[in-house]
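*Asks:* Protein chains in written order, with my numbering: chain A, 14 to 537; chain B, 5 to 182; chain C, 21 to 149. Where is the CB? At the ideal position from N, CA and C, for every residue including glycine. Owing to the predicted nature of the structure, the values given are computational and were not obtained by experimental measurement.
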């Protein structure tokens, strides 16, 4: 387990890469590095060699008129660097970075699908997030394509070629009793052992990033929040914080604490949901019912603080939309105290119960090096010994003032990941209680202008599933120019593709649920 | 014989759930129905694994263009008589996502819908209310004392909804707001 | 320590003691649903406070409010099948003409009943509060 090392990544880059770069500190994270003539590869190589925790957060595509811009966002042990490159629209070819950072595969494929950039060395035949019958050469996120004018090709039913006899392909398809969401996984098995997993995502791709460009910021808060129903509060908070960075608004302290309370309630319900769902997948229905029964009081608390069981919708630019009444605080505390008394039972069950241990221990092991290479985030990374948590690395809202532990397990298997979530439930209860005890008084909202001046900002927060990233670019009107969201499950799926190989077919469901997949987040 | 079949269908409808591009909010409320607090199995409702065994199809999500064909296929695989319930604002009409480039906008553009349950997401009690209303609409006219259908508590809210003048529905094309 | 290592005694003890505890089920619809204060259900619109500014319609994220002419003035018409009950309309309204209620049982078989038309002012008729 490495401590945060104090490598000054910017001076390393400046010393190793002499030409064709401009370093702009304080922009888009710790610094923005504008590159040209392919020097972006040298910058990325220097970063990867200097710090083992260099990982790709996202790749944002931009339509700049004549050119297409590419922003590579990297996180290191103690900095967040954005590397900018551009390609002309007539010849949008650029070399891939998958050889330097393997975790960038999915990010490049998405930019290729939605913008038409060709990454040499990382190609896919067919579409990645768009439907199969999407018309050719129509790239939806380019500015010249209008959302309601795209006509799809008629579907053709092609016979798929038959492969080797020994390999059987099992399709866990869009409609499946175990899956809540439609996604297709073609799992190739030889006997009982999985040899390959081919995902097909894009069934829940709604085109939210394009839609956000034609709606105002006020409407976009609700649109971005609805990327995912389970982690909705964090999406709203992330977007709102990024816009507040462009506006340079100071959010009142009471609003920060109220946001923290809502975010932690959201984390509680999400973790309890996953813990229950994992037990359902291994067939342990009793635990599933117990977890979801204990989740209901948390839903009641979310309803008490915001008016709706699932979509709290209290984040707004400049603060929160409603205040917390003093009379509600005892009810919140007593519900959390009740939940806290149940945790020892659950922990004891996880430690001693034979079914859980057999189905979850040594299943889906992800080693620490693989976790670093594939740039995974969240409990998946913390279950493999990688200590990343945005609440500690770059505190936002009130997390800088609230003491809590970062949970790390080193085994790297399904059992470790579920235990990370269980311990985080305990920590979340402590955070909420501390926030309620130290709630500052004062206003909970400041007025924010409808028209946002031109600028760009990045923001990242810790969603229940991992690091959530947003990039917002504004152009001086009431509508944003570009909103790019990179969700944690998107970064974690490559880990599943690796850990499933060599395991039994029956181990695929618990392994899959342990990375806590949320496909509406993935596809947007 | 038909009465017996209808009676058994109404007493114990088997549902199948399909997410046609939803945010998961409505889906977790549907799964909450199976949990101890709401317990939809009191009404005999069972979650069926395959469309070929199901009576009622619960659809969430404004249908994405990728899922449109799969939804039609699942609907065709269900045996008659079959009923479709559109759950949530997205399934009723596209909701917030109407106008997005990959969204068709509402389940009734793809398959015929029997009941609509609006909300974002609708509470599990609202889902139960919708299921009960559907069952009431299906059950044949019988003397009240024989029917064991759960009756909704008499609340003053119901007449208010009915009093709203029903004007011809205005066609709102899901345009993108400028 | 537990002597029966093969049986999950932890769970079986819990499950057995649950027989004597209060059931976790709330038998809706035979009992009313318990809602928190401030629950965001169906809207109620007070036409006398409305000044026809149209801010509710402009800010609605689901495009669910249409300005509809009633007696010469534009009033909001709510399409409840598109509404996501976020109440941004209530936040944007400068006169607080839109308020939440706790009505959530809106299921229907006919989608046209989900349109809430602004009721016109008549001499002796008050809008439903």
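Looking only at C-alpha atoms, which of A:20, A:152 and A:201 sits nearest to residue 212 of chain A?
*Replies:* The shortest C-alpha separation from residue 212 of chain A is found at A:201.
*Asks:* With 16 other CB atoms within 10 Å as the buried threshold, where does residue 33 of chain C fall?
*Replies:* Classification of residue 33 of chain C: exposed, given that the 10 Å Cβ count is below 16.
*Asks:* Please state whether DSSP places residue 348 of chain A in a helix, a strand or coil.
*Replies:* Here residue 348 of chain A sits in helix by DSSP.
*Asks:* Starting from residue 116 of chain C, follow its DSSP beta bridges and name the residues at the other end.
*Replies:* Bridge partners of residue 116 of chain C: none, in fact.
*Asks:* Which residue comes first and which comes last in the alpha helix (DSSP H) that contains residue 18 of chain B?
*Replies:* Taken as a continuous stretch (DSSP letters only), residue 18 of chain B belongs to no alpha helix (DSSP H), being part of the beta strand (DSSP E) at 18-23.
*Asks:* Thinking C-beta only, is residue 67 of chain C closer than 8 Å to residue 139 of chain C?
*Replies:* Yes. Within cutoff.
*Asks:* Please confirm whether residue 22 of chain B has its beta-carbon closer than 8 Å to some beta-carbon of chain A.
*Replies:* Residue 22 of chain B counts as touching chain A.
*Asks:* Can you name the start and end residues of the alpha helix (DSSP H) that residue 235 of chain A belongs to?
*Replies:* 230-238 is the span of the alpha helix (DSSP H), which, as asked, contains residue 235 of chain A.
*Asks:* With DSSP run on the structure shown, which of helix, strand or coil describes residue 129 of chain C?
*Replies:* If DSSP states are grouped into helix, strand and coil, residue 129 of chain C belongs with coil.
*Asks:* Output the distance between the C-alpha atoms of residue 123 of chain A and residue 219 of chain A, rounded to the nearest integer angstrom.
*Replies:* If I take the Cα positions, the gap works out to 14 Å.
*Asks:* Which bits of chain A does residue 51 of chain C rub up against, with CB to CB less than 8 Å?
*Replies:* Those do not exist, as residue 51 of chain C stays about 15 Å from chain A at its closest Cβ, beyond 8 Å.
*Asks:* On the DSSP bridge list, what partners appear for residue 101 of chain A?
*Replies:* Per DSSP, A:80.
*Asks:* For a test of the three-state rule: what should DSSP assign to residue 84 of chain B, helix, strand or coil?
*Replies:* Coil at residue 84 of chain B, not helix or strand.
*Asks:* Roughly how many angstroms lie between the CA atoms of residue 336 of chain A and residue 268 of chain A, to the nearest whole one?
*Replies:* Each residue's alpha carbon lies about 8 Å from the other.
*Asks:* Could you please tell me which residues of the region 37-65 of chain C, in chain order, have their CB closer than 7 Å to any CB of chain A?
*Replies:* From the region 37-65 of chain C, only 44, 56, 58, 59 and 60 have a Cβ closer than 7 Å to chain A.
*Asks:* Classify residue 45 of chain B: buried if its beta carbon has 16 or more other beta carbons within 10 angstroms, exposed otherwise.
*Replies:* Looking at its Cβ environment, which holds fewer than 16 other Cβ atoms inside 10 Å, residue 45 of chain B is exposed.
*Asks:* Does the beta-carbon of residue 160 of chain B have 16 or more other beta-carbons within 10 angstroms, so that it is buried, or is it exposed?
*Replies:* With a pLDDT of only 37 at residue 160 of chain B, under 50, the local geometry of the prediction cannot be trusted, and no value is derived from it.
*Asks:* Quick check: residue 398 of chain A and residue 377 of chain A, are their CB atoms within less than 8 Å of each other?
*Replies:* No; because the gap between Cβ atoms is not below 8 Å, this pair is not in contact.
*Asks:* Mind checking if residue 90 of chain C is an interface residue toward chain B, Cβ cutoff 8 Å exclusive?
*Replies:* Cβ-Cβ to chain B under 8 Å: no for residue 90 of chain C.
*Asks:* Would you kindly work out how many angstroms separate the C-alpha atoms of residue 108 of chain B and residue 100 of chain C, rounded to a whole number?
*Replies:* Whole-angstrom Cα-Cα distance: 19 Å.
*Asks:* Quick one: what's residue 497 of chain A bridged to in DSSP?
*Replies:* Residue 497 of chain A pairs with A:484.
*Asks:* Can you give me the start and stop residues for the beta strand (DSSP E) that residue 121 of chain B sits inside?
*Replies:* That run of the beta strand (DSSP E) goes 119-121.
*Asks:* Chain A beta carbons: is any one of them nearer than 8 Å to that of residue 174 of chain C?
*Replies:* Here chain C covers residues 21 to 149 and nothing more, so residue 174 of chain C does not appear.
*Asks:* Taking 8 Å as the CB-CB limit, is residue 428 of chain A close to chain B?
*Replies:* Not an interface residue.
*Asks:* With contact counted as at least three CB pairs below 8 Å, one residue from each stretch, are the region 282-298 of chain A and the region 486-493 of chain A in contact?
*Replies:* Not touching, per the Cβ criterion.
*Asks:* Taking 8 Å as the cut-off, decide whether the C-beta atoms of residue 46 of chain A and residue 110 of chain A are in contact.
*Replies:* No, the Cβ-Cβ distance between residue 46 of chain A and residue 110 of chain A is not below 8 Å.
*Asks:* Output needed in chain order: residues of the region 220-246 of chain A with a Cβ under 9 Å from some Cβ in chain C.
*Replies:* Listed by position, the residues of the region 220-246 of chain A near chain C (Cβ gap below 9 Å) are 228, 229, 231, 232, 233, 234, 235, 236, 238 and 239.
*Asks:* Taking the alpha-carbon positions, what's the residue 210 of chain A to residue 512 of chain A distance?
*Replies:* Between residue 210 of chain A and residue 512 of chain A, the C-alpha separation is close to 10 Å.
*Asks:* Residue 201 of chain A lies in the beta strand (DSSP E); which residues open and close that run?
*Replies:* From DSSP, the beta strand (DSSP E) with residue 201 of chain A extends over 197-203.
*Asks:* Given residue 323 of chain A, which residues of its chain have a CB within under 6 Å of its CB, disregarding the five upstream and five downstream residues?
*Replies:* These residues qualify, in order along the chain: 242.
*Asks:* Label residue 394 of chain A either buried or exposed according to how many other C-beta atoms from any shown protein chain fall within 10 Å of its C-beta, with 16 as the threshold for buried.
*Replies:* Counting Cβ neighbours within 10 Å, residue 394 of chain A comes out buried, since at least 16 surround it.
*Asks:* Which partner residues of residue 85 of chain A appear in the DSSP bridge assignment?
*Replies:* DSSP output for residue 85 of chain A lists A:72 and A:96 as bridge partner(s).
*Asks:* According to the neighbour-count rule (16 or more other Cβ atoms, all chains shown, within 10 Å of its Cβ), is residue 137 of chain A buried or exposed?
*Replies:* When all chains shown are included, residue 137 of chain A counts as exposed.
*Asks:* Within the chosen definition, does the region 32-39 of chain A reach the region 446-460 of chain A through at least 3 CB pairs nearer than 8 Å?
*Replies:* Not touching, per the Cβ criterion.
*Asks:* Run through DSSP, which three-state label would residue 446 of chain A get?
*Replies:* The answer is helix: DSSP assigns residue 446 of chain A an H, G or I state.
*Asks:* For residue 151 of chain B, would you say it is in contact with chain C, using Cβ-to-Cβ distances shorter than 8 Å as the test?
*Replies:* Summary for residue 151 of chain B: the model assigns pLDDT 43, below 50, so the residue's position carries little reliability, and this model does not support an answer.
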